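So the number in the working numbering is just where the residue sits in the sequence shown, counting from 1, plus 605.
Built from N, CA and C at the ideal position, the CB exists for glycine as well.
Note that the structure is predicted; figures quoted are calculated from it, not measured.
See structure below.
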Amino acid sequence: MEKTYSVFKIPKKNGKFRVIEAPCDELKEAQRGSLWRLTKTFPVSPFATGFVTARNIAHNALLHSGQPWVACIDISDFFPSINWVLFTKEVIFENVEEAAQIRDLNFHDFGDGKGLRLPQGAPCSPFLSNLYLMRFDWQMATLAEKLGVTYSRYADDLVFSGQLRKHVLVCLKIAEDILAKMGLNVNHPKTKIRHSGQKQLVTGLVVNVKANVPRRERKRIRAALFQAKRAGTELSQKDQGRVSFLNMVNKAVRPASNIDLIGARKAIEHL
């Protein structure tokens with residue numbers, strides 16, 4: 606099968622562009638089959654909340670609600686920074702054939718000097734990135750537990766929260782050092798450290814008291830619902846998405862929905 610990708614840019618909210626490397630239809634279908642097999646073969650860490658069934662940004666934010674200090678860091682150029690050579694140092698395969706199949710189907714050389722790497726836009730890249738950071742997640746969670754800090758990760762967004770700022774900062778420093786050895790760099794302009802007296806945001810949700818959609822967004826949703834009802838019209842597709850997002854968050858903050866992440870906290874106590 607010829608590995609062909611369409612490379613294009615889409616605008617971001619900040620005015621910049623995100624490069625997308627989309628596989629052709631035949632390759633995408635094969636990668637989706639590979640993804641199904643991967644999820645049946647490899648586990649991901651309980652601290653990863655992105656690209657994992659039954660976990661989402663709300664579960665990620667919920668872990669850090671009501672904490673005096675919350676810190677968030679972002680990894681630059683996430684998927685393209687994970688190349689095959691680095692990947693094989695972190696992930697153990699059952700046999701050579703399994704490794705070759707994963708490499709040939711899901712890694713690609715785009716001629717940018719990074720070698721065989723994860724594409725930004727392929728079905729398996731999110732899951733494979735979780736595999737790559739499996740050992741890192743456990744390292745950070747174990748350290749965080751010793752310092753009384755909570756750790757979680759949503760894709761390339763890492764979150765630490767706790768009672769003492771100095772302990773959160775220790776986790777940030779060690780995380781950055783380990784990531785650098787793995788070929789991953791922290792996007793420093795996006796690093797945020799907030800006290801409970803400030804607005805604490807985790808993956809777009811306010812966590813000062815509980816995980817919730819920001820007040821301005823909730824007001825916007827209520828206004829859209831009111832206008833649609835008064836005019837007797839349907840919500841726009843964008844507003845429907847906002848309502849769905851709010852419902853997702855409200856559902857996730859119910860205690861029963863966070864059992865798996867509570868289990869993650871307990872898991873490191875037995876290391």
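Could you check if residue i is buried or exposed, using at least 16 other CB atoms within 10 Å of its CB as the buried criterion?
i    : result
I678 : buried
R835 : exposed
N661 : buried
S670 : buried
D762 : buried
A663 : buried
Q636 : buried
V764 : buried
Q842 : exposed
N665 : buried
A659 : exposed
Q589 : Not covered by the structure: residue 589. The range shown for the chain is 606 to 876.
I need the straight-line Cα distance from residue i to residue j, nearest angstrom please.
i    : j    : result
F715 : T693 : 19 Å
K795 : A833 : 36 Å
R827 : K618 : 23 Å
T747 : F613 : 40 Å
Q845 : A704 : 42 Å
N735 : G837 : 45 Å
W882 : E822 : The first residue shown for the chain is 606 and the last is 876, placing residue 882 beyond what the model contains.
S862 : K856 : Because S862 sits at a pLDDT of 41, beneath the cut-off of 50, its placement in the model cannot be relied upon, and the following sentence gives the value as read from the coordinates. Near 8 Å, if we compare the C-alpha coordinates of K856 and S862.
L806 : E702 : 44 Å
I783 : Y610 : 32 Å
I707 : S639 : 8 Å
N817 : V854 : 7 Å
D630 : V690 : 27 Å
V775 : E750 : 12 Å
R825 : S766 : 29 Å
G868 : K815 : Low per-residue confidence applies at G868: pLDDT is 46, beneath 50, and the placement is therefore not dependable enough to give any value.
K771 : P819 : 27 Å
A785 : Q744 : 14 Å
I873 : K778 : Here I873 scores only 42 on pLDDT, less than 50, and its place in the model should not be relied on; the value that follows carries that caveat. The straight-line gap from Cα to Cα measures roughly 21 Å.
L723 : D717 : 12 Å
L752 : K797 : 19 Å
H800 : G620 : 29 Å
L840 : N688 : 43 Å
I625 : F831 : 37 Å
L789 : V657 : 21 Å
F850 : A829 : 14 Å
Report the residue from the options whose alpha carbon sits nearest the alpha carbon of residue i.
i    : options                : result
I686 : K618, G720, F622, D762 : It should be pointed out that residue 686 corresponds to Ser in this sequence rather than to Ile. It is G720 whose Cα lies nearest to the Cα of S686.
N700 : T646, S681, G726       : T646
W641 : R722, F622, K614, N711 : N711
G655 : R722, A627, M739, W674 : M739
L769 : A676, F684, D717, A816 : A676
N792 : S801, A780, Q803       : A780
P648 : L733, L668, E631       : L733
I697 : L643, G788, Q725       : L643
F683 : D630, Y737, Q706       : Y737
L667 : H772, V811, A760, C629 : V811
I680 : R758, R847, R825, N813 : R758
M787 : P616, E695, Q672       : E695
V622 : P628, Y756, Q725, K843 : The question names Val, but residue 622 is Phe in the sequence shown. Closest by alpha carbon: Q725.
S650 : Y756, I798, A829, H713 : Y756
R847 : K797, K815, G809, E626 : G809
H961 : L752, E839, A627       : Residue 961 is absent from the model: the chain starts at 606 and stops at 876.
V773 : V624, Q672, I625       : Q672
Does chain B have any CB closer than 8 Å to the CB of residue i?
i    : result
S734 : Any reference to chain B falls outside this structure, which holds one protein chain only.
I think residue i touches residue j, with their Cβ atoms under 8 Å apart; what is that distance to the nearest whole Å?
i    : j    : result
K633 : P731 : Incorrect: roughly 14 Å between the Cβ atoms, too far for contact.
D709 : F652 : Not quite, the Cβ-Cβ distance comes to about 30 Å (not below 8 Å), so this is no contact.
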